[in-house]
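Inspection log for the structure reproduced underneath, given as structure tokens.
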Amino acid sequence: MSRFFFIFTHMKYKDFAIGIFDSGVGGTSIWSEINLLLPNESTLYLSDSKNAPYGEKSKEEILQLAIKNTEYLLDQQCKIIVVACNTATTNAIRYLRAHYKVPFIGIEPAIKPASFQTKTNTIGILATQGTLNSELFEHTSSKIDKEIRIVEQIGKGLVELIEGGKLYSQEMTTLLQSYLHPMLAQNIDCLVLGCTHYPYLIPQIRSIIGPRIQIIDSGQAVAKQTKKILADTGLVNTGGNKIESSHEFLINSNKDTLVELLKENKLKKQHTIRETDF
Ligand code: DGL
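Taking our numbering, the leading residue of the sequence shown gets 5, the next gets one more, and so forth.
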């Protein structure tokens, strides 16, 4: 019996992949957290870099891109979809949940956890324009204790520099300084990273803001929620079927930045990266 035939006939729904998408390479920060927590799961990641950044598009455009990515992942039989993009989550997840049967996990800026931790009653959030202007973000912010001030900053240009492989460039440092210095002047003691690309900037951000300000992102929470929903729906892959997990990355533009980011990834998981249109 050929390996392909064996895999095909022995696969159960539990063995199908977790589908993950983002406007680009940033959602790989979520992919890492999911892998740490769910090592037996296969993943299929869509990097929609051709359409990055999502953050400056209209709500309707973001929704159409989220639908396109979702339908592609569903065609590949993904059992759950992780929207590894704050901009797509805050603009499209309600629609996706209402129109498709598969479970969706989204990511939103962690302003609520930050509001429990702040001592200065001032938290900063760095996110895309699309996230900060979304109804969902407005709704979440309206639930935060009124004593707490939220200093919002749009991270215009950061996603483009990351996608272009300019993580450690002078351009990046200058841009980050221009966003972070005014937040520091307002006495923030927590900085929420509201975009899945930004965890890759933590070393640079840390060197600008110093050691005392807490940096908070939602990556681990998303992985925990993915595990919980898989468990609740009986879809956790426990590895019992003896089919090796696979990790496939599809990108619809040049793959160089994605290759570099995954090379540096501490998990060192075997994976394939393919340039293709979707
Ligand atoms: N990673 C996306 C997010 O979390 C970036 C959005 C963009 O492409 O502007 O919001």
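Just so you know, even glycine gets a beta-carbon here, dropped at the ideal spot from N, CA and C.
Q. Where G110 and I166 are concerned, what is the direct C-alpha to C-alpha distance, given to the nearest angstrom?
A. Reading the sequence shown from its first residue, position 106 is the one you call residue 110. Reading the sequence shown from its first residue, position 162 is the one you call residue 166. Those two C-alpha atoms are separated by around 22 Å.
Q. Helix or strand or just coil, what does DSSP make of T13?
A. Here residue 13 refers to the residue found at position 9 when the sequence shown is read from its first residue. In this predicted model, T13 has a pLDDT of only 49, less than 50, meaning its place in the structure is not dependable enough to derive any value.
Q: Would you mind listing the alpha helix (DSSP H) stretches within the stretch 17 to 67 that are 4+ residues and don't spill past its ends, in chain order?
A: The qualifying runs are 32 to 41.
**Q.** Whether S257 touches A114 by CB criterion (7 Å)
**A.** Working through the sequence shown from its first residue, we reach residue 257 at position 253. Working through the sequence shown from its first residue, we reach residue 114 at position 110. No, Cβ-Cβ distance for S257 and A114 is not below 7 Å.
Q: Starting from Q208, trace the beta strand (DSSP E) both ways and give me its first and last residue.
A: As a working mapping, residue 208 is identified with position 204 in the sequence shown. DSSP places Q208 outside any beta strand (DSSP E); the residue lies instead in the alpha helix (DSSP H), whose first and last residues are I206 to I213.
Q) With contact counted as at least three CB pairs below 8 Å, one residue from each stretch, are the stretch 229 to 237 and the stretch 207 to 214 in contact? A) With contact defined as three or more Cβ pairs closer than 8 Å, the stretch 229 to 237 and the stretch 207 to 214 are not in contact.
Q: Please classify A227: does DSSP put it in a helix, a strand, or coil?
A: Against the sequence shown, residue 227 aligns to sequence position 223. In the structure shown, A227 falls within a helical segment according to DSSP collapsed to helix, strand and coil.
Q. Can you tell me whether DSSP reads H185 as helix, strand or coil?
A. By one-based count along the sequence shown, residue 185 stands at place 181. The answer is helix: DSSP assigns H185 an H, G or I state.
Q) Going by C-alpha distance, which of Y183, F120, N55 and I158 is nearest T135? A) Working through the sequence shown from its first residue, we reach residue 135 at position 131. Out of Y183, F120, N55 and I158, I158 has the C-alpha closest to the C-alpha of T135.
Q) Helix or strand or just coil, what does DSSP make of L239? A) Numbered from 1 along the sequence shown, position 235 holds the residue referred to as residue 239. Note: L239 maps to coil in three-state DSSP.
**Q.** Three-way DSSP call (helix, strand, coil) for Q153 in this model
**A.** If you number the sequence shown from 1, residue 153 lands on position 149. Sequence inspection shows Arg at residue 153; the Gln mentioned does not correspond to that position. Residue state for R153 is assigned as strand, using DSSP reduced to three classes.
Q. How many angstroms separate the CA atom of S119 from the CA atom of I152?
A. Taking the sequence shown and counting its residues from 1, the one referred to as residue 119 is at position 115. Taking the sequence shown and counting its residues from 1, the one referred to as residue 152 is at position 148. In a straight line, the C-alpha of S119 is about 7 Å away from that of I152.
Q) Apart from the five residues just before and just after L188, which ones in its own chain have a Cβ nearer than 7 Å to its Cβ? A) As a first step, residue 188 is located in the sequence shown; it is residue number 184 there, counting from the start. Around L188: I213.
(Q) Beta-carbon within less than 7 Å of F20's beta-carbon, same chain only, minus the 5 sequence neighbours each way: which residues are those? (A) To locate residue 20, count along the sequence shown from 1; it is residue 16. For F20, same chain residues with a beta-carbon under 7 Å away, outside a window of 5 residues either side, are Q81, C82 and K83 in chain order.
Q. In whole angstroms, what separates the C-alpha of I192 from that of A56?
A. Reading the sequence shown from its first residue, position 188 is the one you call residue 192. Reading the sequence shown from its first residue, position 52 is the one you call residue 56. Rounded to the nearest angstrom, the two C-alpha atoms are 29 Å apart.
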